[in-house]
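2 protein chains.
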Amino acid sequence: MCEANAYMVTNGQEEPIMESVDVIEPEEDDTWRLVSIFGDQKIVKGRIKRMNLVDHKILFEHRED
Amino acid sequence: MCEANAYMVTNGQEEPIMESVDVIEPEEDDTWRLVSIFGDQKIVKGRIKRMNLVDHKILFEHRED
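Protein sequence lines correspond, in order, to chains A and B. Sequential numbering of the first sequence, starting at 1, is according to the working numbering. Sequential numbering of the second sequence, starting at 1, is according to the working numbering.
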């Protein structure tokens with residue numbers, strides 16, 4: 001399966017947000033809806049910092065402005 | 001392998017941008033750098049419309065403003 005794990009990066013630390021993310025959709029600017037393969041949803045405020053699909057990683061960061 | 005294929009959605013049509021995308025990184029607002037598993041890079045102007053990792057799909061759309 002090709003889901004990924006989402007993290008919020010704060011001061012260089014990766015805090016887990018959600019595992020096994022399937023869908024990532026923008027809700028509004030800097031707000032994203034994540035849906036896991038199990039169907040649970042989470043809203044994330046922040047911007048995408050980097051995604052590494054081969055490493056199964058989605059990194060978010062807080063907007064700095 | 002868990003790379004995905006990137007498409008630009010224009011009027012409901014999905015035009016392929018790049019296959020086997022590994023890394024997605026913001027360059028600036030509404031500009032993204034894609035790097036494939038083969039190491040080639042592409043810059044995409046637009047916003048992320050939806051990603052379905054299990055389906056290996058990344059959909060971009062042109063900003064409507």
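Cβ coordinates follow ideal geometry from the N, Cα and C atoms, glycine included.
Check: What are the boundary residues of the beta strand (DSSP E) that B/Glu27 is part of?; Outcome: Gln13 to Glu28
Check: Exposed or buried, which one is B/Ile58 when buried takes at least 16 other CB atoms within 10 Å?; Outcome: buried
Check: Can you look up B/Phe38 in the DSSP assignment and give me helix, strand or coil?; Outcome: coil
Check: Buried or exposed for A/Glu3, going by 16 or more other Cβ atoms inside 10 Å?; Outcome: buried
Check: Is it buried or exposed, B/Ile48, if we count other Cβ atoms within 10 angstroms and call 16 or more buried?; Outcome: buried
Check: Considering only residues of the same chain and omitting the five flanking positions on each side of A/Lys45, which have a CB-CB separation below 7 Å?; Outcome: Asp30 and Thr31
Check: Is the beta carbon of B/Asn5 closer than 8 Å to that of B/Val23?; Outcome: no
Check: Using the DSSP secondary-structure output, state which residues sit across from A/Glu68 in a beta bridge.; Outcome: The structure shown does not extend to residue 68 of chain A, since chain A spans only 1 to 65, so no value can be given for it.
Check: Alpha carbon to alpha carbon, what distance is there between B/Met18 and B/Ser36?; Outcome: 8 Å
Check: Spell out whether any CB of chain A is found under 8 Å from the CB atom of B/His62.; Outcome: no
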